[in-house]
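One structure below.
2 protein chains.
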Amino acid sequence: MKIALLFGGESYEHEISIVSAITLKKVLNFELEFIFCDGDRNFYQIPEKSMKATHFSSKEYEKNRKLYLTNGGFFHKTLFGKFDDIKFDYILNLIHGADGEDGKIAGMLDFYNIKYVGPRLEGSILSFNKVLTKSFAKDLSVKVLEYEVFHGNKRDLEKLNFPIILKPARLGSSIGVSIVRGKKELDFALDKAYEFDNVVLAEPFIEGIKEYNLAGYRAKDGMRYSIIEAPLKGELLDFEKKYLDFSRSEGAIEANLSKDLVKKIREVFDKIYSPYFEGALIRCDFFIHEDEVILNEINPNPGSLAHYLFKDFNFEIENLISNLPINRKISVSYEYINSIKKAKGKARQG
Amino acid sequence: MKIALLFGGESYEHEISIVSAITLKKVLNFELEFIFCDGDRNFYQIPEKSMKATHFSSKEYEKNRKLYLTNGGFFHKTLFGKFDDIKFDYILNLIHGADGEDGKIAGMLDFYNIKYVGPRLEGSILSFNKVLTKSFAKDLSVKVLEYEVFHGNKRDLEKLNFPIILKPARLGSSIGVSIVRGKKELDFALDKAYEFDNVVLAEPFIEGIKEYNLAGYRAKDGMRYSIIEAPLKGELLDFEKKYLDFSRSEGAIEANLSKDLVKKIREVFDKIYSPYFEGALIRCDFFIHEDEVILNEINPNPGSLAHYLFKDFNFEIENLISNLPINRKISVSYEYINSIKKAKGKARQG
């Protein structure tokens with residue numbers, strides 16, 4: 001089985017994605033292919049020996065073979081104008097944030113019938129847009145923090161009390177996020193968030209609230225879960241900490257939770273996962289407040305796919321691949337146009 | 001201004017899309033280009049004189065120039081292996097149902113920075129999946145009919161009473177839809193719906209409920225609305241009726257509603273439209289029950305874009321085009337990788 005790691009993208013997490021791919025190159029035992037999407041959305045086939053961060057920051061990758069995405073896979077052009085295709089069995093979507101988690105890559109891979117591990121269109125939209133995550137969760141009776149949406153001319157809080165945390169609705173990184181402690185700071189923080197998105201989410205900021213991460217996916221024989229980790233964090237996870245977090249190669253430490261609470265967290269995970277996240281290994285971030293499980297975020301393409309939360313990550317990837325959603329082929333028969341043509345023919349004869 | 005009509009697609013509404021494009025060829029006064037997506041998702045450039053239904057049903061289109069979608073537009077290959085691009089200013093997405101309304105085409109056009117009229121990713125998902133339409137509307141305090149979702153092993157009604165209407169959640173056509181009047185018929189109807197989708201929506205079936213259609217979009221100076229029409233319908237709108245409906249070239253008749261009710265319908269339309277449907281001309285189908293406005297469906301790419309509901313459709317298209325959403329470019333700076341490289345260099349020196 002040959003897997004192509006797809007990474008990069010026009011995303012604020014472009015560099016994190018490069019780190020993810022370099023990390024998984026060390027972790028995965030499959031035959032690998034490396035497909036890089038640069039900041040201008042050109043695709044390149046990267047030789048294994050060039051899989052170093054500086055190969056990308058120096059733009060050396062531009063000397064690599066340029067690829068084109070079309071029906072059935074990625075191709076490169078030959079001297080004779082012919083397309084030659086790059087062979088692999090599955091794509092592993094490692095593009096974080098925009099492009100990879102907002103549905104663009106999912107839409108293209110589905111359109112071109114390419115088999116891939118990663119979120120499909122619906123899962124992408126429901127996790128990438130933090131406002132839609134809320135309504136989706138509420139409809140499943142999954143608890144979320146209270147929230148308020150800023151859009152258009154709205155400049156004041158109507159429901160929440162300070163302090164709040166303000167986030168651009170669709171960014172998938174901590175850029176543009178502010179903690180706002182009073183009305184005076186709100187204007188500035190809103191302007192900052194609006195620079196990145198015209199929809200902004202406000203939530204109560206709860207000092208020191210504990211977060212728990214659980215990753216998992218659906219295999220043929222049911223749900224598979226990682227250990228639950230309580231990540232150590234500052235107020236906001238900055239870029240450097242994220243980098244260190246994703247690229248670590250040792251395993252994580254399991255959080256000390258009661259059996260009952262682990263069961264509860266897994267039940268919430270299941271509700272969120274099926275059916276819209278099938279085909280992806282996702283990580284959900286939860287808060288626990290008075291033994292209640294509150295959904296914070298869904299990461300449908302977590303950094304390095306949260307390999308450090310699993311004992312045998314190669315097994316999990318193979319297991320997930322054996323249960324990818326199947327796109328139902330719609331056959332176009334021209335039944336209707338043909339029947340009209342026939343009717344017209346008869347009318348002419350009659 | 002040159003507009004390319006994009007039509008066809010791997011969709012149950014493939015033929016309806018061809019009818020849409022042929023109809024708009026007659027209605028639109030712009031310079032036009034015709035791009036056909038066949039049932040296997042190959043793109044072709046169709047000469048204006050070949051824009052007849054039988055050109056597609058006979059597969060004659062396969063002799064036309066094949067196109068490839070990539071950064072900035074559609075291209076064809078020349079004899080010398082070079083790409084030559086097809087020139088146009090905007091795409092008008094006329095692919096109905098799957099591909100055109102489910103986010104695949106939106107994702108690809110956004111990825112490749114092609115300007116287009118049509119629903120973006122979020123609007124596509126929120127309208128194409130009838131279950132997600134419900135939770136989206138509820139979160140905006142927009143009334144919807146009661147509903148129940150079938151998925152996995154669920155085979156019995158829990159909340160609703162018969163008669164019900166059963167619909168595959170993601171199809172965008174009346175295929176797989178049944179009216180179920182009792183428990184005995186439920187199993188068969190469920191199996192029929194599951195043939196098309198693993199998520200099925202049940203709603204109460206209300207005999208003779210009146211439907212009202214309103215189309216509209218956001219222009220620079222605010223919302224623009226069509227007249228409200230009360231379409232004549234049988235129990236379900238079949239393919240032939242849809243065909244006649246979309247291809248009609250005369251205007252529609254305005255429904256006889258009180259000023260107050262028109263205002264109410266428009267207010268609901270606004271709530272649904274912004275921000276997720278910006279860039280599209282959509283049609284919403286409403287029920288009116290005891291002066292209450294109930295959302296039935298959102299059509300983000302209505303047949304022939306509901307031109308018959310507008311007086312001057314050419315003006316509306318130009319007006320909409322002047323207010324298309326702008327994709328914010330994310331610049332990839334390699335700031336982080338460069339800063340690590342620098343730090344490493346210093347460590348070596350130190």
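Which chain is which? The protein sequence lines are A and B, in order.
Residue 350, in my numbering, is where the first sequence stops; the numbers in between run on with no holes.
Residue 350, in my numbering, is where the second sequence stops; the numbers in between run on with no holes.
Beta carbons: idealized from backbone N, C-alpha and C, even for Gly.
As the structure is a computational prediction, the values presented were derived from the model and not from experiment.
Check your understanding: Short check: CB of M51/A to CB of K87/A, under 8 Å?
Key -> no
**Study point:** Range covered by the alpha helix (DSSP H) that runs through G107/B
**Key:** 104–111
Practice item. Measure the C-alpha to C-alpha separation of Q45/A and K66/A and round it to an integer number of angstroms. Key: 6 Å
Point to revise | Other residues of its chain near D89/A: CB distance less than 6 Å, five sequence neighbours each side excluded | key: M1, K2
Check your understanding: Since G216/A sits in a beta bridge, which residues does DSSP pair it with?
Key -> Y225/A, I282/A
**Study point:** Partners in chain A for R224/B, counting only beta-carbon separations shorter than 7 Å
**Key:** In chain order: nothing, as chain A lies at least about 17 Å away.
Practice item. Measure the Cβ-Cβ separation of D285/A and E185/A and say whether it is below 8 Å. Key: no
**Study point:** chain B residues whose Cβ lies nearer than 8 Å to that of N42/A
**Key:** N71
Practice item. Reducing DSSP to helix, strand and coil, say where V268/A ends up. Key: helix
Check your understanding: Using a Cβ-Cβ cut-off of 8 Å (strictly less than) and excluding sequence neighbours within five positions of N161/B, which residues of its own chain qualify?
Key -> P204
Check your understanding: Would you say the segment 316–323 of chain A touches the segment 208–228 of chain A, given that touching needs at least three Cβ pairs under 8 Å?
Key -> yes
Review point. What residues of chain A sit near Y334/B, judged by a beta carbon separation below 8 Å?
Key: E15, F56, S57
Practice item. Report buried or exposed for P327/B, applying the criterion of at least 16 other Cβ atoms within 10 angstroms of its Cβ. Key: According to the sequence as given, residue 327/B is Asn; it is not Pro. Counting Cβ neighbours within 10 Å, N327/B comes out exposed, since fewer than 16 surround it.
Check your understanding: For the alpha helix (DSSP H) that L126/B lies in, which residues bound it at each end?
Key -> 121–128
Review point. When the cut-off is 8 Å and only beta carbons count, does G172/B lie next to chain A?
Key: no
Practice item. Might you give, ordered along the chain, the residues of its own chain that have their beta carbon closer than 8 Å to the beta carbon of N351/B, omitting 5 neighbours on each side? Key: Residue numbering for chain B in the displayed model covers 1 to 350; residue 351/B lies beyond these limits and cannot be assessed.
Check your understanding: For I46/A, which three-state DSSP category applies?
Key -> coil
Exercise for review: Give the straight-line distance between the Cα atoms of D191/B and E148/A, rounded to the nearest whole angstrom.
Suggested key: 41 Å
Check your understanding: What is the residue span of the alpha helix (DSSP H) that E13/B lies within?
Key -> Run containing E13/B: none; DSSP gives neither H nor E here.
Check your understanding: Are any of the Cβ atoms in chain B nearer than 8 Å to that of P275/A?
Key -> yes
Point to revise | Three-state secondary structure assigned by DSSP to A189/B | key: helix
Check your understanding: If you count every other CB in all the chains shown that lies within 10 Å of the CB of S17/A, and 16 or more means buried, which is it?
Key -> buried
Check your understanding: Taking the alpha carbon of I35/B as the point to measure from, which residue in L261/B, A4/B, D187/B has its own alpha carbon closest?
Key -> A4/B
Exercise for review: Measure the C-alpha to C-alpha separation of Y116/B and L94/B and round it to an integer number of angstroms.
Suggested key: 11 Å
Check your understanding: Of all Cβ atoms in chain A, is any one closer than 8 Å to the Cβ of F88/B?
Key -> no
Check your understanding: Is the distance from the Cβ of E13/B to the Cβ of G39/B below 8 Å?
Key -> no
Practice item. Using beta-carbon positions only, say whether F277/A and P119/A come within less than 8 Å of one another. Key: yes
**Study point:** Burial state of I321/A, where buried means 16 or more other Cβ atoms lie within 10 Å
**Key:** buried
Check your understanding: Within the 8 Å Cβ cut-off, does G251/A reach chain B?
Key -> no
Exercise for review: Whole angstroms is fine: what's the gap from A169/A's alpha carbon to L201/A's?
Suggested key: 6 Å
Point to revise | Pairwise C-alpha distance: A280/B and N299/B | key: 10 Å
Review point. Residues in its own chain within less than 8 Å of E146/A by CB, not counting five upstream and five downstream?
Key: K159, L160, E203, P204
Review point. In chain A, which residues lie less than 8 Å from D437/B when you measure between Cβ atoms?
Key: Here chain B comprises residues numbered 1 to 350, so residue 437/B is not present and cannot be evaluated.
Review point. Count the other CB atoms within 10 Å of the CB of I337/A; is the residue buried (16 or more) or exposed (fewer)?
Key: buried
Check your understanding: Taking all protein chains shown into account, do 16 or more other C-beta atoms lie within 10 angstroms of the C-beta of D99/A, making it buried, or fewer, making it exposed?
Key -> buried
Review point. In chain order, what residues of the same chain have a beta carbon less than 8 Å from the beta carbon of L140/A, not counting five sequence neighbours either side?
Key: K271, I272
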